Amino acid sequence: MLSLEFIRANPDAVRRAGELKGEPAPVDEILDLDQEWRARQHRAEEIKAEQNELSKQFAKTRDEALKARLRQMADAAKSELALADALKSELDDLLLRVPNLFHESVPIGETEAENVVIREWGEKPDLGFVPRTHFDLGESLGIMDFERAVRISGSRFAFLVGDGARLERGLVQFMLDVHTREHGYTELWTPMLVNSAAMVGTANLPKFADQLFKVEDRDLWLIPTAEVPVTNFHREEILDGDQLPLKYVSYAPSWRTEAGAAGKDTRGFIRMHQFSKVELVKVTTAETSLDEFEQLTRDAEDILQRLGLHYQAMAMCTGDMGFAQYKKYDLNAWAPGLDRYLEVSSCSVFSDFQARRANIRYRPSRGAPPRFAHTINGSGLALPRTIDAIMETYQRSDGMIALPDALKPYMGGVELIGAR
RNA sequence: GGGGAGGUGGCUGAGUGGCCGAAAGCACCCGCCUGCUAAGCGGGUAGGGGGUGUAAAGCUCCCUCGAGGGUUCGAAUCCCUCCCUUCCCGCCA
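When you read off a place in the first sequence, starting at 1, and then add 17, the result is the number in the working numbering.
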């Protein structure tokens, strides 16, 4: 969230950011409530201060008249504080619904049409035959099974079978190895159910509850991404400035309701209720967060390059980047069978927006007052669509699928999927 | 699941109704002292919020001793609920 002080001082900037993001900010309500709350708070504190003072007197004098008066003051202070607290929690609720600002380098725009390609790597492969889709290939090779998944769990679920499952496992291993050994990230294995406070920390709540699976009768939610537990790893901590940046990588299944995506990407292994993802997270400082964000994006791109997949890096425009992000890049890998790009990674820097919610701070130097950290995350990468891009890019005219060299050590001797 | 013990500052740990936002020790910071180092001496060091201030500083008030409620003029301290840690028993991967 944004700080109340900032909103007080820059209401127009907050309003403008909200409009350009298509996420209107309740600035006027906040400013009104803020005034009201502060007035109440002040009055309550005045009563309380006097009460505290007189109470000390009473301890000496034991004056019964004073005691009666103090009893009244205690009641008055209590009800005044209750009013102030009610206003404050109303105010806090509103603050959680104010979208983040965006960096000046973010393109202004309303829809994905105004996103900007900032980098491109490789090119669309010329296979020399009409490429098939991954789901066509996957079903005929017997490595993907959607029909059975529907019977057991419904649409947007899948089984991977044999070499398909192996491919998924190998990819996870490969990505984790690259990020931990070569990019300097520390691996985390996390809880996959988290409480509401954690979801608020990463800004999945309160606004996006309809995107999340909730455990019945408990304050637990299935994580939509490892970002949630990993970013919250240091919640309510004050870190040492010289520990930063902290770099984490985590593999986790991710669950999303995909509400609002009815009818979209219903065929294939693209938009699932459950999918695997390797996630990169950094906790850093205001001074370094934009550079660290660029580097994190490069770390994700490195995986695509090693896999030999053609992709584009896109800078998201204001209207397409989301509520909490300060700046965001998507990585879109080319899928020849589908004849389109698939989003395999989304990398974002949040400024101190999440850190403020999750109360993650650091001390720039010994004795200095704490400051909110900056958080960054990105997929490195999301599995299903990476698998799709691999299958469609490395397919052969005979329907078998070759493997990128980088992946071969992770496939237990399998070099060609479909060979018997 | 049943029963016991416990949750206090960066850490250890004292504190059972006002003198306590909190002894002492450790750690850390500043200064002094000493050929150097170590030791020693003196001082400092929790977080959040309100008011004042152009702002920083400063001044001042309020809140916070796991969380929330209650008793009381007054709660770290007493009572209730919840969460967590730990030990014993039970159950189970």
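Glycine included, each C-beta is placed from N, C-alpha and C at the ideal position.
Given the structure is predicted, the values throughout are model-derived calculations rather than measurements.
Judged by their CB atoms, Ala220 and Phe292 are not nearer to each other than the 8 angstroms cut-off.
Residue range 391-399 is occupied by the beta strand (DSSP E) that includes Asn394. Nearest Cα to Met331 within the set Asp102, Glu137, Tyr379, Leu433: Glu137. In the three-state DSSP reduction, Tyr268 falls in the strand class (E or B). Counting along the chain, Val134 sits inside the beta strand (DSSP E) bounded by residues 133-138. Inclusion of Arg273 and Gln228 in the CB contact set at 8 angstroms is warranted, their separation being smaller than that value.
Residue Glu46 holds the alpha-carbon nearest to the alpha-carbon of Asp109 among Arg413, Glu46, Asp80.
Following the DSSP letters along the chain, one finds Ser157 inside the alpha helix (DSSP H) bounded by residues 151-158.
The distance from the Cβ of Asn394 to that of Glu296 is about 6 angstroms, consistent with a contact at the 8 angstroms cut-off.
Phe292: member of the beta strand (DSSP E) spanning 291-301, first to last residue.
The continuous alpha helix (DSSP H) containing Ile64 extends over residues 44-78. If you draw a 10 Å sphere on the C-beta of Asn349, you find 16 or more other C-beta atoms in it, and that means buried. Contact check for Val133 and Asp319: beta-carbon distance about 22 angstroms, past the 8 angstroms limit, so the pair fails to qualify. Pro43 is positioned such that its CB atom lies no closer than 8 angstroms to that of Glu409. Between Phe230 and Trp238 the beta-carbon gap is near 7 angstroms, inside 8 angstroms, which marks them as a contact. Nearest neighbour of Val298 by Cα position, chosen from Ile287, Phe310, His290, turns out to be Phe310. With fewer than 16 other Cβ atoms from the protein chains shown falling within 10 Å of its own Cβ, His59 counts as exposed. Counting only runs of 3 or more residues that sit fully inside the region 210-267, the beta strand (DSSP E) segments are 254-257, in chain order. DSSP places Ser362 inside the beta strand (DSSP E), whose first and last residues are 357-366. Going by C-alpha positions, Ala226 is about 28 angstroms away from Tyr358. Nearest in C-alpha terms to Asp356, of all of Asp143, Leu37, Val178, is Asp143.
Beta-bridge analysis with DSSP links Ile377 to Glu254.
With fewer than 16 other CB atoms across the displayed protein chains lying within 10 angstroms of its CB, Val232 is exposed. CA-to-CA, the gap between Pro353 and Leu111 works out to about 45 angstroms. Gln322: not part of any beta strand (DSSP E); member of the alpha helix (DSSP H) spanning 306-323, first to last residue. When the alpha-carbon of Phe23 is set against those of Ile434, Gln412, Glu140, Leu118, the nearest one is in Leu118.
In chain order, Gly218, Thr219, Ala220, Thr248, Ala341, Ile377, Thr392 place their CB closer than 8 angstroms to the CB of Gln371, counting only its own chain and leaving out the 5 sequence neighbours on each side.
Ranked by how close their Cα comes to the Cα of Pro241, the residues Glu275, Asp369, Gly384, Arg235 have Glu275 in first place. For Asp162 against Phe152, the beta-carbon gap comes to about 10 angstroms, at or over 8 angstroms, which does not count as contact. In the structure shown, Asp415 falls within a coil segment according to DSSP collapsed to helix, strand and coil. Residue environment: Gln412 is assigned as buried (16 or more neighbouring CB atoms within 10 Å of its CB, all protein chains considered). Excluding sequence positions up to five before and after Arg183, its CB lies within less than 8 angstroms of the CB of Met428, Gly429, Val431, all in the same chain and listed in chain order. A residue is called buried once 16 or more other Cβ atoms fall within 10 Å of its Cβ, and Ser306 is buried on that count. Rounded to the nearest angstrom, the gap between the Cα atoms of Glu40 and Glu127 is 11 angstroms.
Assignment of Thr128 by DSSP, reduced to helix, strand and coil, places it in the coil class. Around the C-beta of Glu70, fewer than 16 other C-beta atoms lie within 10 Å, and the residue is accordingly described as exposed.
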